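Visitor: Mind having a look at this structure? Questions to follow.
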Amino acid sequence: MIRLTAELTPAGTSYLATGQGQPVVLIHGVGLNKEMWGGQIVGLASQYQVIAYDMLGHGASPRPASGTDLLGYADQLLELLDHLNVPQAAVIGFSMGGLVARAFALHYPERLQSLVVLNSVFNRSEEQRAGVIARTAQAAEHGPDANAEAALSRWFSREYQAANPAQIAALRQTLANNDPQGYLTTYELFATQDMYRADDLSSIQAPTLIATGELDPGSTPEMAEQLARRIPGAKVAVLPEQRHMMPVESPRLVNQMLLEFLQFAHSRQNHIKGIVA
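Under UniProt numbering, the sequence shown has 261 at position 261, and the numbering climbs by one with no breaks.
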């Protein structure tokens, strides 16, 4: 078991870092925190320097200023990389973290080694958009855990929930403990920014993987396919029988996919460097 002590950047971002090798950054989803990545930290740290951090408004990181947009969340990651003296990193974003990873790829391409977007959103239908905006209103009125039970049923299989009651209870508590304003600012971006600079996605040149679960109702395989078509050379993976929280529910399966892609991305970059040299 890897036991880590969280550290802070000068701007107050709380992060964990372990392992040696190429840097890999993990960005969690809305309402969660860096602790969701335990399975990936264990699975990747033998080959990579793994960095997980709390997004603005989450965990032990500071609350975002009112009106903070996705660029502000990308700037948080930039400050973290600068603090760690990391010139380039593989960036893996889950759900809302996938939107942050996309924004980082668009605003700071020179700092991106490769991009992975897991279980994230793109081009929601009107019905999907109405549903998530309704949940935003509920969170504004009743707090971060207003939708907890419905969220957990979307995120996990019934079998996993039944077999892991302590973990599910801890996640429920994590949702309830979120700073209300930080959560709401983030959730509003999650609800409205799925098409953030969609016409510019073709400029992303880094090796890219878009992945989701076959049974993820909010981050569908169709969304993954549509997003991948916007990014040159992007790979798509749809993991059979997986729901939204597949990094937590099926870490070995997800880690195998990530390790294969990171190896591919590294080989491709070495090939390009060889051509340039």
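Each residue gets a CB set at the ideal place from its N, CA and C atoms; glycine is no exception.
Predicted model only: the values in this text are computed from it and were never measured.
Using DSSP with H/G/I as helix, E/B as strand and the rest coil, what is Ser203?
Guide: Here residue 203 corresponds to residue number 203 of the sequence shown, with the count starting at 1. Three-state result, Ser203: helix.
Visitor: If you compare alpha carbons, which of Ala101, Gly59, Val86 is closest to residue 283?
Guide: The requested residue 283 is not part of the displayed model; the chain covers only 1 to 277.
Visitor: Look up Ser157 in the DSSP assignment and say whether it is helix, strand or coil.
Guide: To locate residue 157, count along the sequence shown from 1; it is residue 157. Of the three classes helix, strand and coil, the one that applies to Ser157 here is coil, per DSSP.
Visitor: Would the stretch 208-218 and the stretch 232-251 be scored as touching if the rule is three or more Cβ pairs under 8 Å?
Guide: yes
Visitor: Spatial neighbours of Gly143 within its chain, please: CB distance less than 6 Å, with the 5 preceding and 5 following residues excluded, ordered by chain position.
Guide: Locating residue 143 in the sequence shown gives position 143, counting from the first residue. So the qualifying residues of the chain are Pro180.
Visitor: Among Val50, Gln269, Ala105, which one has its Cα closest to the Cα of Ser202?
Guide: As a first step, residue 202 is located in the sequence shown; it is residue number 202 there, counting from the start. Checking every option, the nearest Cα to that of Ser202 belongs to Ala105.
Visitor: Just to confirm the assignment, what range does the alpha helix (DSSP H) spanning Thr192 have?
Guide: If you number the sequence shown from 1, residue 192 lands on position 192. Note, Thr192: alpha helix (DSSP H), 180-192.
Visitor: Kindly list the residues whose CB is nearer than 6 Å to the CB of Val25, restricted to its own chain and excluding five residues on each side of it in sequence; keep chain order.
Guide: For the purposes of this step, residue 25 is taken as residue 25 along the sequence shown, with counting starting at 1. Contacts found: Ile51, Ala89, Val91.
Visitor: Measuring CA to CA, which of Val238, Tyr73, Arg129 is closest to Glu222?
Guide: If you number the sequence shown from 1, residue 222 lands on position 222. For the residues Val238, Tyr73, Arg129, the minimum Cα distance to Glu222 belongs to Val238.
Visitor: So which of Gly93, Phe190, Ala169, Gly233 has the shortest CA-CA distance to Ala137?
Guide: Here residue 137 corresponds to residue number 137 of the sequence shown, with the count starting at 1. Checked all of Gly93, Phe190, Ala169, Gly233; the closest Cα to Ala137 is Phe190.
Visitor: So, are the CB atoms of Gly57 and Thr186 less than 8 Å apart?
Guide: One-based indexing of the sequence shown puts residue 57 at position 57. One-based indexing of the sequence shown puts residue 186 at position 186. Taking 8 Å as the cut-off, the beta carbon of Gly57 is found closer than this to the beta carbon of Thr186.
Visitor: What are the boundary residues of the alpha helix (DSSP H) that Gly131 is part of?
Guide: Along the sequence shown, read from residue 1 onward, the residue named residue 131 stands at position 131. Note, Gly131: alpha helix (DSSP H), 126-142.
Visitor: From which residue to which residue does the beta strand (DSSP E) around Ile51 run?
Guide: Working through the sequence shown from its first residue, we reach residue 51 at position 51. Run containing Ile51: 49-53, per the beta strand (DSSP E) assignment.
Visitor: Quick check on the burial criterion: 16 or more other C-beta atoms within 10 angstroms. Buried or exposed for Met96?
Guide: Residue numbering aside, residue 96 sits at position 96 when the sequence shown is read from its first letter. It counts as buried.
Visitor: With Gln22 and Gln113 assumed to form a contact (beta carbons below 8 Å), what rounded beta-carbon distance in angstroms separates them?
Guide: As a first step, residue 22 must be located in the sequence shown, where it is residue number 22. As a first step, residue 113 must be located in the sequence shown, where it is residue number 113. Yes, they are in contact, since the Cβ atoms of Gln22 and Gln113 sit about 7 Å apart, within 8 Å.
Visitor: If I follow the unbroken alpha helix (DSSP H) through Gly213, where does it start and stop?
Guide: Along the sequence shown, read from residue 1 onward, the residue named residue 213 stands at position 213. Where Gly213 is concerned, there is no enclosing alpha helix (DSSP H), although the beta strand (DSSP E) around it starts and stops at 208-213.
Visitor: How do the stretch 149-161 and the stretch 37-53 stand: do at least 3 beta-carbon pairs fall below 8 Å, yes or no?
Guide: no
Visitor: Any idea if Arg252 is buried or exposed, counting beta-carbon neighbours within 10 angstroms, 16 or more meaning buried?
Guide: Position 252 of the sequence shown, counted from the start, is the residue given in the question as residue 252. The residue in question, Arg252, is exposed, as its Cβ has fewer than 16 Cβ neighbours within 10 Å.
Visitor: Suppose contacts are defined by Cβ-Cβ distances below 8 Å. Is Leu4 in contact with Leu16 by that definition?
Guide: Taking the first residue of the sequence shown as 1, we reach residue 4 at position 4. Taking the first residue of the sequence shown as 1, we reach residue 16 at position 16. Leu4 places its beta carbon less than 8 Å from that of Leu16.
Visitor: What are the uninterrupted segments assigned as beta strand (DSSP E) that are 3 or more residues long and contained completely in the stretch 217-258, given in chain order?
Guide: 235-239
Visitor: Would you please verify whether the beta carbon of Ser153 is less than 8 Å from any beta carbon of chain B?
Guide: Protein chains in the displayed structure number just one, and chain B is not present.
Visitor: Please report the residue range of the alpha helix (DSSP H) in which Val121 lies.
Guide: Your numbering for residue 121 matches position 121 in the sequence shown. No alpha helix (DSSP H) holds Val121; DSSP gives it neither H nor E.
Visitor: Spatial neighbours of Ser250 within its chain, please: C-beta separation below 8 Å, excluding the five flanking residues on both sides.
Guide: Mapped onto the sequence shown, residue 250 falls at position 250. Here the set comprises Leu239, Gln242.
Visitor: Nearest by alpha-carbon distance to Leu227: which of Ser153, Arg124, Asn255 is it?
Guide: Numbered from 1 along the sequence shown, position 227 holds the residue referred to as residue 227. Nearest of Ser153, Arg124, Asn255 to Leu227, Cα basis: Arg124.
Visitor: If distances are taken between C-alpha atoms only, which option among Leu175, Pro64, Glu149, Thr9 comes closest to Met36?
Guide: For this step, residue 36 is matched to residue 36 along the sequence shown. For Met36, the nearest C-alpha among the options comes from Leu175.
Visitor: Using the rule of at least 16 other Cβ atoms within 10 Å of the residue's Cβ for burial, across every protein chain shown, is Asp54 buried or exposed?
Guide: Numbered from its first residue, the sequence shown carries residue 54 at position 54. Asp54 comes out buried.
Visitor: Note the first and the last residue of the continuous beta strand (DSSP E) segment covering Leu16.
Guide: Residue mapping note: residue 16 aligns to position 16 of the sequence shown, counting from 1. Here the beta strand (DSSP E) through Leu16 covers 14-18.
Visitor: Check whether the Cβ atoms of Leu115 and Ile27 sit closer than 8 Å, and answer yes or no.
Guide: Counted from its first residue, the sequence shown places residue 115 at position 115. Counted from its first residue, the sequence shown places residue 27 at position 27. Against a cut-off of 8 Å, the Cβ pair of Ile27 and Leu115 comes out as no contact.
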